[in-house]
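Asks:
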Amino acid sequence: MKTINLCGCTRQDFERVMAEFGEKPFRARQLYKWVYKNRVFDFRTMSDLRKDLRQRLQEKYHIALPHIVARQKSADGTEKFLLEFEDKNVAEAVLIADDASGRLTLCLSSQSGCPLGCTFCATGYLGFKRNLTVGEIVGQPLVIRDLYGDEAFDNVVFMGMGEPLLNYDAVMTAIDIMTDSLGLMIGARKITISTAGVTPGIKKLAASGSKVNLALSLNAPDDVRRRTIMPIAGKYPLAGLLAAVRTWTEVRKRRVTFEYILFADFNDGEQDALTLAALVRGIPCKINLLAYNPIEGGVGRRPTDEEVDRFAQRLYPRAPAVTVRKSRGRDIDAACGQLAGKKGYL
Ligand code: SF4
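Residue 70 in my numbering sits at position 70 of the sequence shown, with consecutive numbering throughout.
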């Protein structure tokens, strides 16, 4: 008989499973802790559950994580994982090592492929396969911790494949499990949702009370140019988008991060820096600048380090906090915008 995968189940789901067997809710908490905190996925070794209960669980359910079908390590320590799910769809997760801070960030996917088609992004060219389930999202940090232990990463960012706010419910439920003290116990402040600019999703996040951080891929200082590289900008223009972001900063009492990819001779001029500074004025924020990582079939030139520094100097102190982010994992196509789910690496 085909068994059901319990990975991604919430505490309440586990309570229902246990109620089915006539068991009390504390049994659900035990099972939940085994799976998410202790990373034990074989019912037979869950020593504080009665033997007959383990047997009944075994007959009806299983716990399966995404399967690592390929992994690749960059010269800078960044590691990319190609993960396959039970229906053979794939997504990528990237473990990014930050030289300066020594911290490790796990970049997660929320969808297999992406429907938004940003012109600078390999995932966009891949097209959209489907939303990931809660289990497939929470399965990513579980797989990485299973490899490298509880200290495998310090921060989590939804910046891999897909637009997290278009898979809102699954992402937020996965975050609930990730932040739960009986779950993966990752502080909400260490988790960032990065969006291409889905205004209703940002409003929903602001209203949710969630303590996660927010990053917005801005990438151009006006609607016209934003639309040429990010089709979603046609649906959600900057005025409404930034109003939603401002509301989020007020409700959360935190800075938002604006990501700004610099494309040479497109959005990196002196006037662009001034327009960008004016655009974000009054919004508590920091701006991360990142040089474009060229992709196969993409257009545009990567600016030189000097051009990026010049832009940063024009921007600061007109904008309150400006950071130039180094691309990590470019040699293995793991840098921002390069995730294409190619199976050709081992
Ligand atoms: S940048 Fe993000 S939103 Fe845009 S196509 Fe790539 S994955 Fe999708």
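Where a beta carbon is used, it is the ideal one built from N, C-alpha and C, also for glycine.
Every value quoted in this text rests on a predicted model; they were computed, and no experiment measured them.
Excluding sequence positions up to five away, which residues of its chain have a Cβ less than 6 Å from the Cβ of G329?
Replies: S74, T78 and A335
Asks: Could you check which residue in G197, G297, G300 and I191 has the C-alpha nearest to that of T105?
Replies: I191
Asks: What residue range does the beta strand (DSSP E) around E79 cover?
Replies: E79 to E84
Asks: Using only the alpha-carbon positions, how far apart do M172 and E307 sit?
Replies: 38 Å
Asks: Beta carbon of L116: closer than 7 Å to some heavy atom of ligand 1?
Replies: Result yes, Cβ under 7 Å from ligand 1.
Asks: Could you pull out every residue in the same chain whose Cβ sits closer than 6 Å to the Cβ of R103, ignoring the five residues on either side in sequence?
Replies: D154
Asks: Closer than 7 Å: is that where the CB of C121 sits relative to any heavy atom of ligand 1?
Replies: Yes, ligand 1 has a heavy atom inside 7 Å of this Cβ.
Asks: Cutting at 8 Å between CB atoms, please list the residues of its own chain near G341, excluding the five before and the five after it.
Replies: L82, V90, A91, E92, S112, G113, T123, L126 and M161
Asks: If I measure Cβ to Cβ from G139 and keep anything under 6 Å in the same chain, skipping five residues before and after, which residues do I get?
Replies: C7, L65 and P66
Asks: Between the region 50-62 and the region 313-320, are three or more C-beta pairs nearer than 8 Å?
Replies: The region 50-62, when compared against the region 313-320, does not touch it at the 8 Å Cβ threshold.
Asks: Considering only C-alpha positions, which residue in the set I186, Y236, T257 and S327 is nearest to K286?
Replies: T257
Asks: For P164, count neighbouring Cβ atoms within 10 angstroms of its own Cβ and tell me buried if that reaches 16, exposed if not.
Replies: buried
Asks: Within the region 115-188, note down every full beta strand (DSSP E) run reaching 3 residues or more, in order along the chain.
Replies: 128-131 and 155-158
Asks: Please report the residue range of the alpha helix (DSSP H) in which K203 lies.
Replies: T199 to S208
Asks: Reducing DSSP to helix, strand and coil, say where E92 ends up.
Replies: For E92, the secondary structure class from DSSP, reduced to helix, strand or coil, is strand.
Asks: R16: buried (16+ other C-beta within 10 angstroms of its C-beta) or exposed?
Replies: exposed
Asks: Tell me whether G135 counts as near ligand 1, meaning its Cβ is closer than 7 Å to at least one heavy atom of that ligand.
Replies: no
Asks: Between which two residues does the beta strand (DSSP E) containing R260 stretch?
Replies: The sequence shown places Tyr at residue 260, not Arg. Unbroken beta strand (DSSP E) run through Y260: V256 to L262.
Asks: Given this structure, state the Cα-to-Cα distance separating E250 from D272, to the nearest angstrom.
Replies: 27 Å
Asks: Is the beta carbon of T275 less than 8 Å from the beta carbon of Y236?
Replies: no
Asks: Name the two residues that bound the continuous alpha helix (DSSP H) containing T45.
Replies: Per DSSP, T45 belongs to no alpha helix (DSSP H) and is neither H nor E.
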